[in-house]
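Colleague: Please read through the structure below; I'll follow up with questions.
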Amino acid sequence: MSARAYIIAAGGANYGSLREACRRVGVEAEVGDDHAHIAAATHVILPGVGAAAHAMHALRACNLDRVLRSLTQPLLGICLGMQLMFEHSEEGGTEGLGILPGTVQRLPTTPRWPHMGWNQAMLVKPHALFDEITENNWFYFVHGYAAPVTTHTLARTDYGMGFAAAVAHGNVFGVQFHPEKSASAGRRLLRNFFALT
Amino acid sequence: MLAHRLIPCLDVANGVVVKGVRFRDHRVVGDIVELARRYADEGADELVFYDITASPEGRSVDVAWVARVACELDIPFCVAGGIRSVVEAEAILAAGADKISINSPALARPELVGELAARFGSQCVVIGMDVDGLADDKPDLWRVMINAGKPDISSDSRRGLLDWVREVTARGAGEIVLNSIRADGVRGGYARDQLAAVRAATTLPLVASGGAGQPVHFADVFEHCGVDAALAASVFHSGEIRIGDLKRYLASRGILVRI
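The listed protein sequences derive, respectively, from chains A and B.
When you read off a place in the first sequence, starting at 1, and then add 98, the result is the number in my numbering.
When you read off a place in the second sequence, starting at 1, and then add 40, the result is the number in my numbering.
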């Protein structure tokens with residue numbers, strides 16, 4: 099069965115480039131906040147831009163926090179979407195979805211804040227999400243907060259401190275970088291995600 | 041550590057990519073989406089699109105091609121040209137651009153820098169600066185120019201380069217692109233003196249622009265000026281320098297790049 103992806107868009111942001119990135123790896127993705135369509139999708143993506151508190155408020159307003167916790171198919175959080183998977187974020191003192199233990203922290207002000215540009219994700223735990231990515235592991239990051247390295251960390255990146263570049267816990271995955279902006283490595287990661295069952 | 045970035049700049053006029061010498065005599069070099077795709081495939085780290093006719097003509101960027109580029113591209117890109125309000129910036133970012141770059145409108149109304157940073161975050165707000173001044177000038181004679189893209193109406197902003205750099209840093213800018221008018225299109229190398237002075241005046245990411253002619257010019261500006269990225273147009277558009285080759289050369293000199 100081919101993948102049918104759903105990109106959760108709560109709060110009206112534009113996820114056109116993410117949808118196109120899915121299309122480039124052969125997966126049609128619907129964008130929206132429809133509970134039934136989310137449940138019917140084979141793969142769900144939670145992107146996120148903006149501030150953590152605003153994003154969590156938007157999810158709760160649509161009851162999407164409960165929907166996300168109840169999913170059994172592969173779920174991928176991207177950037178803020180990954181951070182929201184954790185219990186808590188220092189950004190605005192926000193309570194997250196609590197799917198993963200830990201607190202998202204503000205990155206140090208040195209070398210520079212925020213962390214923006216191409217950096218390497220170093221694999222710490224082999225996983226199908228990173229198939230054929232060990233050589234070309236450059237990804238595009240834009241963020242000022244980051245999740246700690248824990249037992250759920252698949253890959254870590256260093257910038258002022260070590261943080262989780264990618265996480266996995268059961269059916270739930272997260273990447274701090276933007277695969278849709280990460281050229282060939284990003285395409286490979288999305289293709290790997292859609293191959294997960 | 042972050043990779044040093046290579047950024048092809050695509051000057052857009054009337055919906056096609058053009059490039060002039062010293063901002064004059066523009067000739068068409070190709071279709072926007074086709075060139076964008078080619079550069080992404082070759083290993084460009086980011087693209088900048090300058091609608092060079094927008095600001096002098098008193099209009100903002102046409103968002104139709106921004107949306108087309110966003111659909112086609114899987115590397116970050118920045119759009120510049122005549123953006124003078126939060127509303128205009130929002131349209132471009134909503135169409136899929138990662139950053140917007142402002143130049144003359146920021147000189148006309150510096151508060152715009154802070155308004156954009158507050159609304160979209162500093163990471164979206166790039167300040168372009170066109171700098172006049174001869175190589176042997178003293179830094180306090182370097183001047184930021186208004187409407188440098190249109191020689192008939194360009195003028196001196198009466199702002200010193202380093203004062204303006206400090207001001208936009210304080211107002212919440214997220215990156216500076218420094219274009220030297222004396223070096224632009226001449227291919228004699230980046231304006232290292234100006235770039236090094238700006239590097240010392242701000243902690244913001246700094247992009248060198250104007251003057252690249254040979255691979256060694258890129259190595260020089262990374263090694264001697266502490267810039268985060270180097271932007272070029274004609275040497276990439278003509279095919280004289282291939283981004284993949286350039287990256288292998290930079291890596292061989294110990295400069296961290298994404299390969």
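The beta carbon of each residue, even a glycine, is placed where N, CA and C say it ideally should be.
So, does the CB of residue 269(A) fall closer than 8 Å to a CB anywhere in chain B?
Modeller: Judged by the 8 Å Cβ criterion, residue 269(A) is not in contact with chain B.
Colleague: Can you tell me which of the three DSSP states residue 154(B) falls into?
Modeller: Three-state result, residue 154(B): helix.
Colleague: Looking at the C-beta of residue 294(B), does it have a partner C-beta in chain A at a distance below 8 Å?
Modeller: No, residue 294(B) lies away from the interface with chain A (no Cβ there is under 8 Å from its Cβ).
Colleague: Exposed or buried, what is residue 192(A) when buried is set at 16 or more other beta-carbons lying within 10 Å of its beta-carbon?
Modeller: Under this definition residue 192(A) is a buried residue.
Colleague: Is there a Cβ from chain B that is less than 8 Å from the Cβ of residue 180(A)?
Modeller: Chain B contact via Cβ: absent.
Colleague: Would you mind telling me which residues of chain A sit closer than 7 Å to residue 46(B), beta carbon to beta carbon, in chain order?
Modeller: The premise fails here: residue 46(B) is roughly 10 Å from chain A at the closest Cβ pair, so nothing lies under 7 Å.
Colleague: Can you tell me where the beta strand (DSSP E) with residue 172(A) in it begins and where it stops?
Modeller: From DSSP, residue 172(A) is part of no beta strand (DSSP E); its letter is neither H nor E.
Colleague: Hey, residue 230(A) and residue 286(A) are a contact pair by Cβ (cut 8 Å); roughly how many whole angstroms apart?
Modeller: About 6 Å; that satisfies the 8 Å criterion.
Colleague: Quick one: is residue 63(B) buried, meaning 16 or more other Cβ sit within 10 Å of its Cβ, or exposed?
Modeller: At residue 63(B), the pLDDT of 48 sits below 50, so the modelled position is not reliable; the number obtained from the coordinates is stated separately. Its Cβ being crowded by 16 or more others within 10 Å, residue 63(B) is buried.
Colleague: Starting from residue 209(B), trace the alpha helix (DSSP H) both ways and give me its first and last residue.
Modeller: Run containing residue 209(B): 201-210, per the alpha helix (DSSP H) assignment.
Colleague: Can you give the Cα-Cα distance for residue 282(B) and residue 169(A), rounded to whole angstroms?
Modeller: One C-alpha to the other measures close to 46 Å.
Colleague: Does the beta-carbon distance from residue 182(A) to residue 146(A) come in below 8 Å?
Modeller: Taking 8 Å as the Cβ cut-off, residue 182(A) and residue 146(A) qualify as a contacting pair.
Colleague: Three or more C-beta pairs under 8 Å: does that hold for the segment 141-161 of chain B against the segment 205-219 of chain B?
Modeller: With the cut-off at 8 Å, the segment 141-161 of chain B and the segment 205-219 of chain B touch.
Colleague: Which of the three DSSP states is assigned to residue 63(B) in this structure?
Modeller: Note that residue 63(B) scores a pLDDT of 48, beneath 50, so its modelled location is shaky; the value from the coordinates is reported in the next line. Reduced to three states, the DSSP call for residue 63(B) is coil.
Colleague: Smallest Cα separation from residue 241(B): which of 194(B), 42(B), 202(B), 113(B)?
Modeller: Of 194(B), 42(B), 202(B), 113(B), the residue nearest in Cα terms is 202(B).
Colleague: Report the residue ranges of all beta strand (DSSP E) runs contained in full by the segment 203-230 of chain A; include only those spanning at least 3 residues, in chain order.
Modeller: With a minimum length of 3 residues, the continuous beta strand (DSSP E) runs that stay inside the segment 203-230 of chain A are 213-218.
Colleague: Starting from the C-beta of residue 57(B), find all residues in its chain whose C-beta is less than 8 Å away, skip the five residues before and the five after it, and write them out in chain order.
Modeller: Within the same chain, residue 57(B) has close Cβ partners 50, 51, 68, 69, 70, 71, 72, 75, 277.
Colleague: Could you pull out every residue in the same chain whose Cβ sits closer than 6 Å to the Cβ of residue 227(B), ignoring the five residues on either side in sequence?
Modeller: 253.
Colleague: Should the segment 188-196 of chain B be regarded as contacting the segment 231-249 of chain B, the criterion being three or more beta carbon pairs within less than 8 Å?
Modeller: Counting Cβ pairs under 8 Å, fewer than three are found: no touch.
Colleague: Taking C-beta pairs closer than 9 Å, name the residues in chain D that residue 49(B) reaches, listed in chain order.
Modeller: Looking for chain D here will not work: the only protein chains present are A and B.
Colleague: Quick one: which residues of the segment 209-234 of chain B get their C-beta closer than 9 Å to a C-beta of chain A? List them in chain order.
Modeller: Those residues of the segment 209-234 of chain B that come within reach of chain A (Cβ to Cβ, closer than 9 Å) are 214, 215.
Colleague: Comparing C-alpha positions only, which one of 247(A), 143(A), 254(A), 249(A) sits nearest to residue 237(A)?
Modeller: Out of 247(A), 143(A), 254(A), 249(A), 254(A) has the C-alpha closest to the C-alpha of residue 237(A).
Colleague: When Cβ atoms are compared, which residues of the segment 98-117 of chain B fall closer than 8 Å to chain A?
Modeller: For the segment 98-117 of chain B, which is checked against every Cβ of chain A, the residues closer than 8 Å are 107, 110, 111, 112, 113, 114, 115, 116.
Colleague: Assuming residue 279(A) is part of the alpha helix (DSSP H), what are its boundary residues?
Modeller: From DSSP, residue 279(A) is part of no alpha helix (DSSP H); its letter is neither H nor E.
Colleague: 8 Å is my cut-off, CB to CB: does residue 80(B) come that close to chain A?
Modeller: Taking Cβ atoms only, chain A reaches closer than 8 Å to residue 80(B), which makes this a yes.
Colleague: Determine, for residue 242(B), whether the minimum Cβ-Cβ distance to residues of chain A falls below 8 Å.
Modeller: Chain A, which has no Cβ nearer than 8 Å to the Cβ of residue 242(B), makes this no.
Colleague: Exposed or buried, what is residue 127(B) when buried is set at 16 or more other beta-carbons lying within 10 Å of its beta-carbon?
Modeller: So residue 127(B) counts as exposed.
Colleague: Pick out whichever of 256(B), 232(B), 285(B) has its Cα sitting closest to the Cα of residue 264(B).
Modeller: Checked all of 256(B), 232(B), 285(B); the closest Cα to residue 264(B) is 232(B).
Colleague: Based on Cα-Cα distance, which residue from 279(A), 126(A), 215(A), 143(A) lies nearest to residue 355(A)?
Modeller: Look at the range of chain A in this structure, 99 to 295, and you will see that residue 355(A) is not part of it.
Colleague: Among residues of its own chain, excluding the 5 on either side of residue 287(B), which ones have a beta-carbon nearer than 8 Å to its beta-carbon?
Modeller: If we look at residue 287(B) and ignore the five residues flanking it on each side, its Cβ neighbours are 46, 83, 297, 298, 299.
Colleague: Would residue 188(A) count as contacting chain B if we go by Cβ distances under 8 Å?
Modeller: It does not; no Cβ of chain B falls within 8 Å.
Colleague: Could you please tell me which residues of the segment 150-166 of chain B, in chain order, have their CB closer than 7 Å to any CB of chain A?
Modeller: So the list reads 163, given in the order they occur along the chain.
Colleague: Which residues of chain B have a Cβ atom closer than 7 Å to the Cβ of residue 212(A), listed in chain order?
Modeller: Ordered by position in chain B, the residues that pass the 7 Å Cβ test against residue 212(A) are 163.
Colleague: Identify the continuous beta strand (DSSP E) that holds residue 190(B) and give its terminal residues.
Modeller: No beta strand (DSSP E) holds residue 190(B); DSSP gives it neither H nor E.
Colleague: Among 106(B), 213(B), 139(B), which has the Cα closest to the Cα of residue 152(B)?
Modeller: It is 213(B) whose Cα lies nearest to the Cα of residue 152(B).
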